[in-house]
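*Asks:* One structure, pasted below without further comment.
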Amino acid sequence: TECEKEPGSLLWIFVMIGNIVRGMGETPIMPLGISYLEDFAKAENSPFYLGCLHTATVVGPFLGCLLASFCAELFVDLGSVDAEEITITVTDVRWVGAWWLGILICASLNLLAAIPFWFLPKSLVKEGETNEPEEANERSVAPLQENDKNEDRQTMYDFIPFLRALFRNPVYMLFICITVLQFSAFDGMISFMPKYLEQQFGKSASDAIFLIGVYNLPVICVGYFFGGLFMKKFKINIYQAANIAFWVSLLEYLLYFGAYWTVCDTSLVAGLTVSYE
1 TECEKEPGSL
11 LWIFVMIGNI
21 VRGMGETPIM
31 PLGISYLEDF
41 AKAENSPFYL
51 GCLHTATVVG
61 PFLGCLLASF
71 CAELFVDLGS
81 VDAEEITITV
91 TDVRWVGAWW
101 LGILICASLN
111 LLAAIPFWFL
121 PKSLVKEGET
131 NEPEEANERS
141 VAPLQENDKN
151 EDRQTMYDFI
161 PFLRALFRNP
171 VYMLFICITV
181 LQFSAFDGMI
191 SFMPKYLEQQ
201 FGKSASDAIF
211 LIGVYNLPVI
221 CVGYFFGGLF
231 MKKFKINIYQ
241 AANIAFWVSL
251 LEYLLYFGAY
261 WTVCDTSLVA
271 GLTVSYE
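Take the sequence shown: its letter number 227 is residue 227 in UniProt numbering, and every next letter is one higher.
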């Protein structure tokens, strides 16, 4: 008999479009937020503010892991299926958690968090300086508007040469390569470590996500915060910061080599590691 072809679902397209829109909304926060801080903060306070900003970017995934752990304990058909009719548990491989619930909650919170951005002023007085008189501000409005128009036209023509100069800058390209490697390692841990905990230690999906959030992300928050505070306290310049980053990263990679000796016994899987007999 011929196998029946089950109709495929195209709902994944909505999830993909939602992630694209989410990325478009989140991307400007880091470059524009950093520029906002650099333009209106004192030079000695800027590293501390940047540390707080990066700390906040890690607090979000930490809270997200806790929310995902909670949602993973709820059945995917929440509200449409009676809980008493579910015969499988969260440790069963057939269990599917309410993954969509976290997306709805976070989308609502993102919408509420975006409202205050509408009330940010276009320009701020630099930290430590006083406001200029209103008459001086009125006289400077017209020249500033004209300069903005000239800068916009100049930026359009200078973008490609400026981009070419960036790609030829060895320091910038080295920083890009290091950033890609670091995020690749971090994303790999976030993606595969939960499944490793499930297979090797018999943890449920919710427990694995909870452990990842509790044991990894708070430490990163502490590092970001105290790194910015350290630079503010001792007035670290760019050269000193690069040296500190190099030696700390080298120590981090050496410590990661210890993971090669933390090997667990292979689980017994019928038909894979042992025979069916």
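Even for Gly, the Cβ is constructed at its ideal location relative to N, Cα and C.
State buried or exposed for L32, treating a residue as buried only when at least 16 other CB atoms are found within 10 Å of its CB.
*Replies:* Your numbering for residue 32 matches position 32 in the sequence shown. It counts as exposed.
*Asks:* Once DSSP output is grouped into helix, strand and coil, what is the label at G188?
*Replies:* Translated into the one-based positions of the sequence shown, residue 188 becomes position 188. Three-state DSSP puts G188 in a helix.
*Asks:* DSSP three-state label for V125, please.
*Replies:* Locating residue 125 in the sequence shown gives position 125, counting from the first residue. It is coil, neither helix nor strand.
*Asks:* Give me the DSSP bridge partner(s) of G97.
*Replies:* Residue numbering aside, residue 97 sits at position 97 when the sequence shown is read from its first letter. For G97, which the question treats as bridged, DSSP gives the partners F75.
*Asks:* Give the secondary structure of E274 by DSSP, where H, G and I count as helix, E and B as strand, and everything else as coil.
*Replies:* As a first step, residue 274 must be located in the sequence shown, where it is residue number 274. The sequence as given places Val at residue 274; Glu does not occur at that position. In the structure shown, V274 sits in a strand (DSSP, three-state: E or B).
*Asks:* Under a three-way DSSP split, which group does L254 fall into?
*Replies:* Here residue 254 refers to the residue found at position 254 when the sequence shown is read from its first residue. Three-state DSSP puts L254 in a helix.
*Asks:* Looking only at its own chain, which residues have a Cβ that is under 6 Å from the Cβ of F62, when we skip the five neighbours before and after it?
*Replies:* As a working note, residue 62 is residue 62 in the sequence shown. The residues are G213, L217.
*Asks:* Rounded to a whole number of angstroms, what is the C-alpha to C-alpha distance between S46 and D92?
*Replies:* Stepping through the sequence shown from its first residue, residue 46 is reached at position 46. Stepping through the sequence shown from its first residue, residue 92 is reached at position 92. If you take the alpha carbons of S46 and D92, they lie about 49 Å apart.
*Asks:* Rounded to the nearest angstrom, what separates S206 and Y215 at their Cα positions?
*Replies:* The count along the sequence shown starts at 1 and reaches residue 206 at position 206. The count along the sequence shown starts at 1 and reaches residue 215 at position 215. Going from the Cα of S206 to the Cα of Y215 covers about 14 Å.
*Asks:* Under three-state DSSP, which class holds P28?
*Replies:* As a first step, residue 28 must be located in the sequence shown, where it is residue number 28. Here P28 sits in coil by DSSP.
*Asks:* In or out: F48 buried (at least 16 other Cβ within 10 Å) or exposed?
*Replies:* As a working note, residue 48 is residue 48 in the sequence shown. Classification for F48: buried.
*Asks:* Under DSSP, the alpha helix (DSSP H) around L211 begins and ends at which residues?
*Replies:* Along the sequence shown, one-based indexing puts residue 211 at 211. L211 -> alpha helix (DSSP H) spans 205-215.
*Asks:* Can you give me the C-alpha to C-alpha distance between F201 and M193, rounded to a whole angstrom?
*Replies:* The count along the sequence shown starts at 1 and reaches residue 201 at position 201. The count along the sequence shown starts at 1 and reaches residue 193 at position 193. Near 11 Å, if we compare the C-alpha coordinates of M193 and F201.
*Asks:* On the three-pair Cβ rule with 8 Å, is the stretch 230-246 touching the stretch 69-77?
*Replies:* Flag = no, the stretch 230-246 and the stretch 69-77 do not touch.
*Asks:* Measuring alpha carbon to alpha carbon, tell me which of Y224, A68, K122, W118 ends up nearest D97.
*Replies:* Position 97 of the sequence shown, counted from the start, is the residue given in the question as residue 97. Looking at the sequence shown, residue 97 is not Asp but Gly. Of the candidates Y224, A68, K122, W118, the one whose C-alpha sits nearest the C-alpha of G97 is A68.
*Asks:* Would you kindly work out how many angstroms separate the C-alpha atoms of S123 and L255, rounded to a whole number?
*Replies:* Here residue 123 refers to the residue found at position 123 when the sequence shown is read from its first residue. Here residue 255 refers to the residue found at position 255 when the sequence shown is read from its first residue. Between S123 and L255, the C-alpha separation is close to 45 Å.
*Asks:* Could you pull out every residue in the same chain whose Cβ sits closer than 6 Å to the Cβ of W261, ignoring the five residues on either side in sequence?
*Replies:* In the sequence shown, residue 261 corresponds to position 261, counting from 1. None.
*Asks:* Can you say whether F162 is buried or exposed, counting buried as having 16 or more other CB atoms within 10 angstroms of its CB?
*Replies:* On the sequence shown, residue 162 is found 162 positions in, with the first residue counted as 1. So F162 counts as exposed.
*Asks:* Return the residue from the list A72, F40, I29 that minimises the CA-CA distance to L53.
*Replies:* For the purposes of this step, residue 53 is taken as the residue at position 53 of the sequence shown. That would be I29, whose Cα lies nearest to the Cα of L53.
*Asks:* Are the beta-carbon atoms belonging to W99 and I88 less than 8 Å from one another?
*Replies:* As a first step, residue 99 is located in the sequence shown; it is residue number 99 there, counting from the start. As a first step, residue 88 is located in the sequence shown; it is residue number 88 there, counting from the start. Cβ atoms of W99 and I88: not closer than 8 Å.
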